[in-house]
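J.: Numbering (my numbering), first residue to last: 1 to 187.
Okay, here's the structure, questions in a sec.
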């Protein structure tokens, strides 16, 4: 029920965005036309969202890794905090991927694609100390926020309210999480 309704709403929104982007242009400028594929506003937004998806998934994986491997006197606190964070990140990837699909583009979904698209480095091979993990996650959340912020002007200019709303939600989460993690690093 809710998934079908969301899907249909996404199709309608993609159609409205397409109509806005191509209003007053000849039929060959319609979405999916090979003539404008590189200049398509929806393609640019979907490309930015693909980077956001890659950053989010990479940060999810790093956070889950740190949840498994944290040690030291802050173990219980960090283990629980990291679980809440990776759960939130895991739940965040689907709406981003589905928004890309709603815009008419394939969502990246492989480690190879994410590695090329992500601005976040992979987790260290050897687990770092607990507070170093926190610092790495601060940098990761700040990076995801930068990626989300970089897509916002495209969505805003195109009148793509669903993408703008999604980006605003992600910015709120990442900025707040970075602040909370930074607080752990203060003396």
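Glycine residues also receive a C-beta, built at the ideal position from the N, C-alpha and C atoms.
(1) Can you give me the start and stop residues for the alpha helix (DSSP H) that residue 48 sits inside?
(2) Taking the C-alpha atoms as reference points, what is the distance between residue 188 and residue 134?
(3) With a Cβ-Cβ cutoff of 8 angstroms, do residue 138 and residue 181 count as a contact?
(4) Whose C-beta lies closer than 7 angstroms to the C-beta of residue 67 among residues of the same chain, with five residues either side of it excluded?
(5) Between residue 155 and residue 147, what straight-line distance do the alpha-carbon atoms span, to the nearest angstrom?
(6) What is the DSSP secondary structure of residue 141, counted as helix, strand or coil?
(7) For residue 100 versus residue 49, is the C-beta spacing smaller than 8 angstroms?
(8) Using 10 angstroms around the beta-carbon of residue 131, count the other beta-carbons present and answer buried if the total reaches 16, otherwise exposed.
(9) Using only the alpha-carbon positions, how far apart do residue 92 and residue 171 sit?
(10) Have a look at 160, 58 and 72 and flag the residue whose alpha-carbon is nearest the alpha-carbon of residue 117.
(11) For residue 71, count neighbouring C-beta atoms within 10 Å of its own C-beta (all shown protein chains included) and say buried if the count is 16 or more, exposed if not.
T.: Inspection of the coordinates gives the following:
(1) Position 48 of the chain shown, counted from the start, is the residue given in the question as residue 48. Counted as a single uninterrupted DSSP element, the alpha helix (DSSP H) harbouring residue 48 occupies residues 41-69.
(2) Given that the chain is displayed from residue 1 to residue 187, the structure contains no residue 188 and the question cannot be resolved.
(3) Numbered from 1 along the chain shown, position 138 holds the residue referred to as residue 138. Numbered from 1 along the chain shown, position 181 holds the residue referred to as residue 181. Closer than 8 angstroms, so yes.
(4) Along the chain shown, read from residue 1 onward, the residue named residue 67 stands at position 67. Cβ within range, chain order: 79, 82, 83 and 86.
(5) The residue labelled residue 155 in the question sits at position 155 within the chain shown. The residue labelled residue 147 in the question sits at position 147 within the chain shown. CA-to-CA, the gap between residue 155 and residue 147 works out to about 13 angstroms.
(6) Counted from its first residue, the chain shown places residue 141 at position 141. Residue state, collapsed to three classes: helix.
(7) For the purposes of this step, residue 100 is identified with residue 100 of the chain shown, where counting begins at 1. For the purposes of this step, residue 49 is identified with residue 49 of the chain shown, where counting begins at 1. Yes.
(8) Sequence index remark: in the chain shown, residue 131 carries index 131 (1-based). With fewer than 16 other Cβ atoms within 10 Å, it is exposed.
(9) Locating residue 92 in the chain shown gives position 92, counting from the first residue. Locating residue 171 in the chain shown gives position 171, counting from the first residue. Annotation: residue 92 to residue 171 spans about 12 angstroms, alpha carbon to alpha carbon.
(10) For the purposes of this step, residue 117 is identified with residue 117 of the chain shown, where counting begins at 1. Ranking 160, 58 and 72 by Cα distance to residue 117 puts 58 first.
(11) Position 71 of the chain shown, counted from the first residue, corresponds to residue 71. Classification of residue 71: exposed, given that the 10 Å Cβ count is below 16.
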